[in-house]
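S.K.:
Numbering (our numbering), first residue to last: -10 to 310.
The following block contains the structure:
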């Protein structure tokens, strides 16, 4: 609707900003106005009457221009507070390390250390780059930055789960054991049979498979949000494959140099398939929310839920183990 587009553009005509965040604000405003117009039309108003009433309800242009001139710059403020937050997180990290060492309960490096180290380090580096970007008037989106932080948070949980614990120094007490499954399905059947023979219940085996699927779901959900090149399911599945292979190769390296406490190297197409199911389900959830425009309508809520979900993963996969 040309009237709506002209109205929205008039609100931002005096704004010097041209960021992704502004475009998101425009889209949200347009969606809200269109929904209001459709509701008014269902009440019996004509097209022109509905548009006029909707714009009158939304507010006077002059008033909104003044408000937006104050609101827009907020998105480019607060980077110094982010830097302070990162420094504070690092202080907490080192305090935690000192505490664990003093208590004598830190026999090796646990996966939790990755979570306390990687996200704060990312915040420091990213806040420095954002400071230069804002000075250069580059595009900046607060929601995108929050999703990127949550993604790094998730990656740290993933690394901490799949590569840790590791020794403080090389240890070659036990030989490395390989279990390579090149034939799909057969490896799973053999693995289940062996597990049952060792007294592991079927429920426990099934729960382990479900955990593997769940572990990679956030990857399929977050990747297409922070980068448009992962919008297709094919590219996201390829990313999942690369992540699995990278972590597996890192695990092999740690085992060969005697640092990994987990001396069992397991590589199987069946395991990769389970992880890719998780990636697919995560991407399906993204596609559903994106198609329904929920990612725009409930942006802050979804960001909060994403952070809480990864924190739950942190508890389940690292703190409880």
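Where a beta carbon is used, it is the ideal one built from N, C-alpha and C, also for glycine.
Identify every residue that forms a DSSP beta bridge with residue 168.
M.R.: According to DSSP, residue 168 bridges with 255.
S.K.: Per DSSP, what are the beta-bridge partners of residue 155 in this structure?
M.R.: Paired residue(s): 98, 249.
S.K.: Does the region 226 to 237 touch the region 254 to 266, meaning 3 or more C-beta pairs lie closer than 8 Å?
M.R.: With the cut-off at 8 Å, the region 254 to 266 and the region 226 to 237 touch.
S.K.: With distances taken between CB atoms, is the gap from residue 205 to residue 229 smaller than 8 Å?
M.R.: In contact: residue 205 and residue 229 (Cβ atoms closer than 8 Å).
S.K.: Let me know the secondary structure DSSP gives residue 272 once reduced to three states.
M.R.: Helix.
S.K.: Which same chain residues end up closer than 8 Å to residue 134 when comparing Cβ atoms and leaving out the 5 residues on each side of it in sequence?
M.R.: The answer, listed in chain order, is 115, 119.
S.K.: So what's residue 59 in DSSP terms, helix, strand or just coil?
M.R.: Any reading at residue 59 must be qualified, since the residue scores a pLDDT of 45, below 50, and its modelled position is unreliable; the value itself is stated next. DSSP places residue 59 in helix when its eight states are reduced to three.
S.K.: Is the number of C-beta pairs between the region 237 to 255 and the region 286 to 304 that are closer than 8 Å three or more?
M.R.: No contact exists between the region 237 to 255 and the region 286 to 304.
S.K.: Taking just the CA atoms, how far does residue 160 sit from residue 287?
M.R.: Distance between the alpha carbons of residue 287 and residue 160 is about 50 Å.
S.K.: Out of 144, 130, 306, -1, which one is the CA nearest neighbour of residue 109?
M.R.: The candidate whose alpha carbon is nearest that of residue 109 is 144.
S.K.: Fully enclosed by the region 169 to 203, which alpha helix (DSSP H) runs are 4 residues long or longer?
M.R.: Taking only runs of at least 4 residues, the alpha helix (DSSP H) segments lying wholly in the region 169 to 203 are 175 to 186.
S.K.: So is residue 35 buried or exposed if we call it buried at 16+ other beta carbons inside 10 Å?
M.R.: Label assigned to residue 35: exposed.
S.K.: From the DSSP output, in three-state form, read off residue 30 for me.
M.R.: Residue 30 falls in the helix class under three-state DSSP.
S.K.: Starting from residue 219, trace the alpha helix (DSSP H) both ways and give me its first and last residue.
M.R.: Unbroken run through residue 219: none, as it is neither H nor E.
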